[in-house]
Amino acid sequence: MIFIVFQIGNTYGQQTSELKLLGVKELRNDLDSLTKYIEETHPNAFFKFPKDKFYKMADSIKSVITKPLNCVDYYILVEPLIAKLEDGHTAISFPQIQMEYFKLNLSMFPYDVILSDKEPFIRVIRPFKSMPSEIPVNAEIISINEVTSNKIIKDIVRLNSGESENFRLNLGANYFYFYLSKLYGMNDPYIVKYRVGDSFETKKIKGITYESLIKKMKQDTTKESTLAQIDYSLKMLPETKTAIIDFKSFNDITRFSIFIDSAFEQISKNKIQNLIIDIRDNKG
12 MIFIVFQIGN TYGQQTSELK LLGVKELRND LDSLTKYIEE THPNAFFKFP
62 KDKFYKMADS IKSVITKPLN CVDYYILVEP LIAKLEDGHT AISFPQIQME
112 YFKLNLSMFP YDVILSDKEP FIRVIRPFKS MPSEIPVNAE IISINEVTSN
162 KIIKDIVRLN SGESENFRLN LGANYFYFYL SKLYGMNDPY IVKYRVGDSF
212 ETKKIKGITY ESLIKKMKQD TTKESTLAQI DYSLKMLPET KTAIIDFKSF
262 NDITRFSIFI DSAFEQISKN KIQNLIIDIR DNKG
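Going by this note's numbering, the first residue of the sequence shown is number 12, and it counts up by one from there.
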């Protein structure tokens with residue numbers, strides 16, 4: 012466990028940071044506050060990971076904080092401790108970390124992926140919007156820059172909270188580019204070895220910075236690129252008196268309230284008897 016902490020601690024020196032640095036004392040005090048708050052407020056924080064091991068790991072993390080860090084590198088150090096609790100509702104929120112990471116304007120691996128704790132460990136879904144597709148959809152990634160897919164998913168599991176590995180990997184897949192950059196220092200080019208059926212291929216993939224991606228998406232006027240993600244939708248099946256409400260995300264409570272009022276008005280008007288609520292693609 013201590014070896015893992017030191018291994019993670021070594022990663023923060025691999026990339027030049029342009030973010031605000033937090034002092035050593037401030038970081039250590041923050042970790043003390045975090046562990047104290049978890050113990051005082053959680054009804055049963057240590058039901059999976061013993062309290063003595065939790066605090067021993069926290070002390071190990073504090074011991075490697077010997078110089079100022081930015082919040083992104085601090086997250087890399089601390090989240091494995093919280094993940095040890097195996098509680099999906101006890102985690103360090105990632106969106107703010109993501110926005111701080113974007114400020115570094117590093118090259119990102121330009122593909123959405125599916126991660127699994129069983130083979131195939133990493134599969135390609137699609138390239139980022141407005142980006143060319145150089146790797147086939149559903150291709151199995153074997154390695155990226157010689158880091159095996161098995162190692163990548165194990166490292167991502169350690170940096171996400173949840174009751175199961177697949178739950179953690181579903182969360183981690185949203186920020187795949189981040190983990191490649193911060194855990195392994197990956198940058199252009201990405202040398203991807205992948206498999207489609209029985210055929211193995213290797214391709215050199217050029218990454219893209221966040222600023223360049225946003226600019227590219229704004230310039231792309233194709234219908235596919237301008238369509239926003241549909242967070243929730245209603246589908247009517249009159250022949251079976253059934254309605255399906257698909258919830259991908261509960262973003263924007265005001266817009267959601269308007270949608271759900273309209274949905275049930277339609278359900279009532281069409282005398283629907285069966286309602287299916289589909290949350291298969293909802294991340295929680």
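For each residue, glycine too, the CB sits at the ideal point set by N, CA and C.
Predicted, not measured: the structure shown is a model, and the values here were computed from it.
Please classify residue i as buried or exposed, where buried requires at least 16 neighbouring CB atoms within 10 angstroms.
| i | result |
| --- | --- |
| K280 | exposed |
| D43 | exposed |
| K31 | exposed |
| K229 | exposed |
| G208 | exposed |
| V148 | exposed |
| I288 | exposed |
| F187 | buried |
| F65 | buried |
| N55 | exposed |
| I202 | exposed |
| L182 | buried |
Rounded to the nearest angstrom, what separates residue i and residue j at their Cα positions?
| i | j | result |
| --- | --- | --- |
| I290 | F258 | 5 Å |
| K114 | I108 | 10 Å |
| S144 | D231 | 15 Å |
| Y195 | E174 | 26 Å |
| E276 | T265 | 17 Å |
| D292 | N177 | 13 Å |
| K47 | T213 | 48 Å |
| S104 | I167 | 15 Å |
| R137 | N185 | 13 Å |
| F57 | S172 | 14 Å |
| I269 | S244 | 12 Å |
| E51 | L45 | 10 Å |
| K215 | M119 | 14 Å |
| T77 | V35 | 6 Å |
| S160 | V83 | 23 Å |
| A69 | Y86 | 13 Å |
| F189 | D199 | 14 Å |
| I283 | S273 | 14 Å |
| V124 | E130 | 14 Å |
| E111 | I93 | 20 Å |
| M142 | K67 | 45 Å |
| K62 | T101 | 15 Å |
| K193 | D128 | 21 Å |
Measure the CB-CB distance between residue i and residue j and report whether it falls below 8 Å.
| i | j | result |
| --- | --- | --- |
| I155 | L191 | yes |
| R169 | P91 | yes |
| F60 | L96 | yes |
| I164 | I152 | no |
| I219 | P79 | no |
| F211 | K204 | yes |
| V158 | I146 | no |
Does residue i have its Cβ less than 8 Å from a Cβ in chain B?
| i | result |
| --- | --- |
| N81 | This model lacks chain B altogether; it includes just one protein chain. |
Provide the residue span of the alpha helix (DSSP H) that contains residue i, from first to last.
| i | result |
| --- | --- |
| Y195 | F187 to Y195 |
| A184 | E176 to A184 |
| N161 | S160 to R169 |
| A94 | C82 to A94 |
| I269 | I264 to K280 |
| A69 | K62 to V75 |
| N156 | Looking at the DSSP string, N156 is not in any alpha helix (DSSP H), and its letter there is neither H nor E. |
| L286 | Looking at the DSSP string, L286 is not in any alpha helix (DSSP H); the run it does join, the beta strand (DSSP E), is N285 to D289. |
| T52 | V35 to T52 |
| I225 | Y221 to Q230 |
Looking at the unbroken beta strand (DSSP E) that takes in residue i, where does it start and where does it end?
| i | result |
| --- | --- |
| M247 | Y243 to L248 |
| I216 | S210 to I216 |
| V148 | Run containing V148: none; DSSP gives neither H nor E here. |
| F120 | Unbroken run through F120: none, as it is neither H nor E. |
| T253 | T253 to F258 |
| P138 | I133 to P138 |
| K204 | Y201 to V207 |
- Task: Would you check if there are 3 or more beta carbon pairs closer than 8 Å linking the stretch 73 to 89 to the stretch 34 to 51?
- Result: With contact defined as three or more Cβ pairs closer than 8 Å, the stretch 73 to 89 and the stretch 34 to 51 are in contact.
- Cβ pair count under 8 Å reaching 3, the stretch 248 to 258 against the stretch 212 to 224: The stretch 248 to 258, when compared against the stretch 212 to 224, does not touch it at the 8 Å Cβ threshold.
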